[in-house]
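Notes follow once the structure below has been shown.
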Ligand code: ZN
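Here you go:
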């Protein structure tokens with residue numbers, strides 16, 4: 005008899021987004037994104053971090069100070085990383101993301117052809133970046149779906165069991 009208590013597709017893909025976020029070195033905000041096709045194939049994942057190949061110690065994680073001394077000048081958001089990491093056309097795909105996107109990511113999401121966004125947290129809803137993002141999604145007719153619950157994942161690493 006097959007298992008019936010398997011995790012849902014939504015929790016599976018949001019779980020992958022959260023697993024990706026565990027890679028983020030940002031001390032304040034860890035965000036993950038996972039892009040899936042209509043056939044539920046994962047075709048892109050990402051988390052927030054500095055551009056590939058740059059030594060993480062060369063750039064700041066600060067949130068305050070001169071622009072060039074803050075992370076805002078350098079971090080690639082999870083959503084954009086997932087798009088840039090994609091292995092195929094994203095036309096008609098769904099993006100799962102743990103935090104509602106900013107306007108810059110919203111532009112990239114629309115431009116990439118993603119038509120559905122499933123998000124979990126919207127704690128920056130009052131900020132201009134998210135207000136603008138929602139205008140972009142609205143005008144571009146991107147379907148927004150708020151996951152009605154939170155997902156979390158944890159990874160355990162331990163020595164092999166004796167076989
Ligand atoms: Zn963003």
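Residue numbers (this note's numbering): 5 to 167. Where is the CB? At the ideal position from N, CA and C, for every residue including glycine.
Rounded to whole angstroms, the gap between the alpha carbons of residue 58 and residue 7 is 45 Å. Under DSSP, residue 150 shares a beta bridge with 123. Note that the C-beta distance between residue 49 and residue 24 is below 7 Å.
The beta carbon of residue 44 is closer than 7 Å to those of 13 in its chain, skipping five residues each way along the sequence. Between residue 40 and residue 52, the gap from beta carbon to beta carbon reaches 7 Å or more. Residue pairing by DSSP puts residue 99 in a beta bridge opposite 39, 121. Residue 11 has no beta-bridge partner at all, per DSSP.
Here residue 49 carries a strand assignment [DSSP, helix/strand/coil]. Counting along the chain, residue 116 sits inside no alpha helix (DSSP H), nor does DSSP assign it H or E at all. Here residue 112 is not near residue 137, since their CB atoms are 7 Å or more apart. Exposure of residue 159 is indicated by the presence of fewer than 16 other C-beta atoms within 10 angstroms of its C-beta.
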